[in-house]
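Participant: If you read the sequence shown in this note's numbering, its first letter stands for residue 497, the second for the next number, and so on. The C-beta atom is built at its ideal place from N, Cα and C for all residues, glycine as well.
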Amino acid sequence: MAETLQALRERHASLAQKTRALVEDNNEKWESQHQAQYDAAMAELDDIKAQIDRTVRLLDKIADDALNNQIAESAERKAAKSKNPAAMDLFVKWARGGDKALTAEDWVTIRNTMSTTTDSEGGYTVPTEVVGSVIEVLKAFGGMREAATVIQTNNGNPWNYPTSDGTSETGELIAENTTATAADPSF
Numbered sequence: 497m498a499e500t501l502q503a504l505r506e507r508h509a510s511l512a513q514k515t516r517a518l519v520e521d522n523n524e525k526w527e528s529q530h531q532a533q534y535d536a537a538m539a540e541l542d543d544i545k546a547q548i549d550r551t552v553r554l555l556d557k558i559a560d561d562a563l564n565n566q567i568a569e570s571a572e573r574k575a576a577k578s579k580n581p582a583a584m585d586l587f588v589k590w591a592r593g594g595d596k597a598l599t600a601e602d603w604v605t606i607r608n609t610m611s612t613t614t615d616s617e618g619g620y621t622v623p624t625e626v627v628g629s630v631i632e633v634l635k636a637f638g639g640m641r642e643a644a645t646v647i648q649t650n651n652g653n654p655w656n657y658p659t660s661d662g663t664s665e666t667g668e669l670i671a672e673n674t675t676a677t678a679a680d681p682s683f
């Protein structure tokens, strides 16, 4: 059975500590037996490090593939419900492979559908259907959007809410039944 990544790291750290002790304890009176121990330990450290690197690369690949599949599946679910399947197919293609996945013809199609003078051809900047798809893909990309409540205004305008910089405000200790100095916070 293969060692876990944590076990490999612990074994590497332990061996590195022992090798360091070997050098520090015997550096003044270094003999051929110490050199042999040192060389064997260094070779084993290199081997463990190579195992760690292979394991990390494999785990990164598995995580990246899972994330890419989750994003693509989310985009495909949105595309299946779409009223404009051709546009959503392009979105799915982009979600699966990024900008490089789109052909020159795909880019022409995207650019031709955008027009700032006609709302229905992109004048709204991003059609609601695509925005919903992007939000779904973002949920798959990071767990925060899935757990958080995202509040949006109807037209996408900034939402104003009062804030106060509490760093400039100070409290005071006063005696009982004494009026505090009036200092309202600034908003």
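(1) Whose C-beta lies closer than 7 Å to the C-beta of residue 590 among residues of the same chain, with five residues either side of it excluded?
(2) Could you tell me the boundaries of the alpha helix (DSSP H) in which residue 521 lies?
(3) What does the alpha-carbon distance come out to for the pair residue 662 and residue 588?
(4) What does the alpha-carbon distance come out to for the pair residue 648 and residue 549?
(5) Does the distance from the CB of residue 507 to the CB of residue 544 come in under 7 Å?
(6) Is it true that the CB of residue 551 sits closer than 7 Å to the CB of residue 501?
(7) Would you identify the three-state DSSP class for residue 670, choosing helix, strand or coil?
(8) Could you check what DSSP says for residue 557 in three-state terms: helix, strand or coil?
(9) Consult DSSP for residue 599 and reduce its assignment to one of helix, strand or coil.
(10) Exposed or buried, what is residue 555 when buried is set at 16 or more other beta-carbons lying within 10 Å of its beta-carbon?
Facilitator: Let's see:
(1) 597, 598
(2) 501–522
(3) 46 Å
(4) 44 Å
(5) yes
(6) yes
(7) coil
(8) helix
(9) coil
(10) exposed
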